[in-house]
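Reading through the structure tokens given below for one structure.
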Ligand code: TYM
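Residue numbers (the UniProt record's numbering): 1 to 609.
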């Protein structure tokens, strides 16, 4: 008589868990509430259906990477921990990260959780193996993606190991429950492991692909045929758009109105911002990191965008800030600049940055030339993990770039890790980092985020702004390398007026035509500048409507803008004049900035400029 063997063996249940964890890590969707169902059949076959929340099917490279991650976890024979805990405790610590789409019935008061480090935390009633090794080998046999439901079904076979026989009766190992923040990381909605040995978000394509789409955005070049297509950039870089829900959440968490750059979608894209908010709410404070490449004596108005926004973030979240001045980068990339000059410009630019009003107690500004020894160990560890082929793909370097350029990206990556700041951040090994910048800098951080898991460090989160346009109009950014495109914070009221009066306008040639057709406010430089620097939302809306409808003339809009910019540059110049060399030295002294107080032995003043 034939006997029916229950195919749901601990080996198969464990295999399902590993596959689920790998799918989340590679495709990038949360572990919680994403499993729709699973089935195990005779012959060591299984299928799992998950909700990826992605509009597109995973690529072949991603599916291959999933298999690799699964088999690596098996080869490492990772422990499969069991934790039993009251349901209410689990939910208050982990939210719904351990649930499938269908949660256990309300009467279940205690949960049995399976935890495999770096992969999965799951409420699992069925017995699992004590470790992953005996699962042997997993091969994916088929996959189906339902676009309309964003569901992925994966079928796979398991060949249990003969070397590591299964002891189904062994007691599963116990562990200290993982921290809320560890689980927040597992529950991320972005890929934690990139599919192409290279870098996340199709980074290898960045310069090339974007160029093919009629626009090119790299740290050194921003070029578009018409307006920059920001949604396309988000797609090709693999970041996420900032939604109204996220803005509302930032307001809730900080208890204040969002900065106008955020309310108006000027900071429009992010990576892992929601994770930063989750961690912040769970009591884990992040640090802010931003920077400037000192290539000119003064900043232009575009540079003020990330710095004004960073000041708001520092105040709203009450967190420390590190500001990198990449004098080394500018020396390497700008043939005409001397090293001593870049170092001097760093000190000068620090004055403009301080003039933005950062908190002296919790802000550390550093020149790479002065600070490099403190972060060199981190720089080296990054350099060892990135190949020439990778930086070539990411940054478009060729054989003719000097070797300093090719090695530099690791220097901009290093401050994303709190271990680069043993004194300023008090040696906290893995503090979350949020980087505000315009989207041109993203390439550096795609590389950083790719190496982070391999260094067992947390990926930095990012919040990206659009470009403050150049005076010449759409298709580029305000840039100090194109003098005619920029208004500098040092410009006199007369210069500001002259530049604005001569800038590109989306208004019509004559008064009559303007009254007839109205202005194209999407490309109109004066109106675009107002969206960045006019505080009053209602007034901005009124001007936009009147100007677009032809009831306002370009001259009137320019006049309003000139008033705002004249005041802004004057205020900035006054604030900068009040910044003494002594103040710059104190912002640049290597000292604790994390509320721990400046212990006497922990202050290293910077060398003189
Ligand atoms: P740099 O000096 O080119 O630019 C400094 C910051 O200003 C942003 N930015 C702009 N934002 C809006 N509109 C514009 N037209 C515009 N032009 C520049 C840049 O995105 C940047 O945030 N390699 C960097 C220095 C750096 C850095 C960092 C920047 C080092 N570490 C971390 C941001 C985050 C550079 O040369 O930036």
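C-beta: ideal position from N, C-alpha, C; glycine also.
As the structure is a prediction and not an experimental result, all values here were calculated from the model.
- Taking 7 Å as the cut-off, the Cβ atoms of residue 273 and residue 461 count as close.
- In terms of Cα proximity to residue 405, the closest of 334, 338, 520 is 334.
- Around the beta carbon of residue 128, 16 or more other beta carbons lie within 10 angstroms, which makes this residue buried.
- Secondary structure note for residue 289: its beta strand (DSSP E) is the uninterrupted segment 287-292.
- CA-CA distance, residue 467 to residue 258, rounds to 19 Å.
- With a cut-off of 8 Å on Cβ pairs, the stretch 485-499 is not in contact with the stretch 309-318, counting fewer than three such pairs.
- Shortest Cα-Cα distance from residue 380 to any of 431, 407, 434 involves 407.
- Residue pairing by DSSP places residue 223 opposite 216 in a beta bridge.
- Excluding its 5 nearest sequence neighbours in each direction, residue 365 has C-beta neighbours in its own chain below 7 Å: 323, 325, 350, 353, 587, 588, listed in chain order.
- Less than 7 Å separates the beta-carbon of residue 80 from that of residue 116.
- Excluding five sequence positions before and after residue 515, the CB atoms of its chain that fall closer than 6 Å to its own CB belong to 550, given in chain order.
- No heavy atom of the ligand TYM is found nearer than 6 Å to the CB of residue 528.
- Relative to the Cα of residue 376, the nearest Cα in the group 359, 417, 398, 396 belongs to 417.
- For residue 35, the uninterrupted beta strand (DSSP E) run begins and ends at 35-41, by DSSP.
- Residue pairing for residue 155: DSSP places it in a beta bridge opposite 47, 142.
- Under a 10 Å Cβ-count criterion, residue 187 is classified as buried, with 16 or more other Cβ atoms of the shown protein chains found around its own Cβ.
- When the five nearest sequence neighbours on each side are left out, the beta carbons in the same chain lying within less than 6 Å of the beta carbon of residue 30 are those of 187, 189, in order along the chain.
- Taking every protein chain shown into account, the CB of residue 517 has fewer than 16 other CB atoms within 10 angstroms, so this residue is exposed.
- Taking a contact to require three or more Cβ pairs closer than 8 Å, the stretch 388-397 and the stretch 301-312 do not qualify as touching.
- The straight-line gap separating the alpha-carbon atoms of residue 410 and residue 218 is approximately 16 Å.
- Inclusion of residue 101 and residue 20 in the CB contact set at 7 Å is not warranted, their separation being larger than that value.
- Beta-bridge annotation (DSSP): residue 110 is paired with 86.
- In this structure, the straight-line span from the alpha carbon of residue 276 to that of residue 240 is close to 14 Å.
- Of the residues assessed, residue 343 falls on the buried side of the cut-off, its CB having 16 or more other CB atoms within 10 angstroms.
- Within the stretch 450-499, the complete beta strand (DSSP E) segments of 3 residues or longer fall at 461-465, listed in chain order.
- Residues 518, 519, 521 of the same chain have their beta carbon placed closer than 7 Å to that of residue 548, with the five preceding and five following residues left out of the count.
- For residue 572, no beta strand (DSSP E) encloses it; the enclosing alpha helix (DSSP H) starts and ends at 554-577.
- Three or more Cβ pairs drawn from the stretch 13-28 and the stretch 144-162 lie within less than 8 Å of each other, which places the two stretches in contact.
- In the three-state reduction of the DSSP assignment, residue 132 falls in the coil class, being assigned neither a helical nor a strand state.
- Residue 18: not part of any beta strand (DSSP E); member of the alpha helix (DSSP H) spanning 10-23, first to last residue.
- The continuous alpha helix (DSSP H) containing residue 236 extends over residues 230-237.
- The beta carbon of residue 7 lies closer than 7 Å to those of 40, 41, 42 in the same chain, with the five residues before and after it left out.
- Taking one beta carbon from each stretch, the stretch 119-126 and the stretch 10-18 have 3 or more pairs nearer than 8 Å; the two touch.
- The C-alpha of residue 182 is placed about 13 Å away from the C-alpha of residue 95.
- Here residue 82 is near residue 172, since their CB atoms are less than 7 Å apart.
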